[in-house]
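Numbered by mature numbering (1 follows the signal peptide of the UniProt record, and there is no 0), the letters in the sequence shown go through residues -23 to -1, 1 to 118 in order.
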Amino acid sequence: MTLTCRALAACACMALAAPLAWADGEAPAAAAAAPAAAPAGGYNYPTTGRVEYVLTCMDENGHDFANVYKCSCVIDKMATALPYDEFVDQSTFSRYASLGGEGGAEFRVDHAKAQTKKFRTLQADAYRSCGLGGDKTAASK
């Protein structure tokens, strides 16, 4: 990805994600308490987390400008179902599920496998509903 393309994608993602971050108007202390059910507009993910996800998604699916919107859609769908802390945990387990050797043992225990399966299922559903090819998701790797 060229520097110009990455900068354009980052600006577009921040422009799309920033209003979402300020939309619910909760105080930081109120946002720290995790509700039992997802809020009506979804969970509030940090802008940097959204931008990182969109850039990674575009790396995997192509640097077409349409993918800025599709990848933003994916992270928005995931934010409606999963609190950010769980998103970070599950995406970490998913990313390192195939890590070999002794260092990867933590990512191969039953709890990690369950978290990986949940994340990949949620991600695959979000990819399908946002119009990204299911064959390029992390779930198929």
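Heads up, the beta-carbon is just placed ideally off N, CA and C, and yes, glycines get one too.
Review point. Alpha carbon to alpha carbon, what distance is there between M35 and K118?
Key: Because K118 sits at a pLDDT of 45, beneath the cut-off of 50, its placement in the model cannot be relied upon, and the following sentence gives the value as read from the coordinates. Straight-line Cα distance between these residues: approximately 16 Å.
Exercise for review: Leaving out five residues on either side along the sequence, give the residues of the same chain with a beta carbon under 6 Å from the beta carbon of Y22.
Suggested key: A56, Y61
Check your understanding: K90: buried (16+ other C-beta within 10 angstroms of its C-beta) or exposed?
Key -> exposed
Exercise for review: May I ask you to report which of helix, strand or coil DSSP gives N44?
Suggested key: helix
Review point. Quick one: Cα of L76 to Cα of P16, how far?
Key: 35 Å
Check your understanding: How big is the Cα-Cα spacing for E37 and Q67?
Key -> 19 Å
Practice item. Could you please give the first and the last residue of the uninterrupted alpha helix (DSSP H) stretch that includes G26? Key: 24 to 38
Practice item. Could you have a look at L99 and say whether DSSP puts it in helix, strand or coil? Key: helix
**Study point:** Residues near Q92 by beta carbon distance below 7 Å, same chain, minus five either side
**Key:** D66, Q67, F70
Point to revise | Rounded distance between the beta-carbons of F64 and Y73, thought under 8 Å | key: Their Cβ separation, rounded to whole angstroms, is 15 Å, which puts Y73 and F64 out of contact at 8 Å.
Exercise for review: Within 10 angstroms of the Cβ of V86, are there 16 or more other Cβ atoms? Answer buried if so, exposed if not.
Suggested key: exposed
Check your understanding: If we count the other Cβ atoms within 10 Å of its Cβ and call it buried at 16 or more, is E3 buried or exposed?
Key -> Residue placement at E3 cannot be trusted, given a pLDDT of 45 that sits under 50; what the coordinates show is reported in the next sentence. E3 comes out exposed.
Point to revise | Per-residue burial, G110 [other beta carbons within 10 Å of its own, 16 or more giving buried] | key: exposed
Point to revise | Environment of F96 [buried if 16+ CB atoms lie within 10 Å] | key: buried
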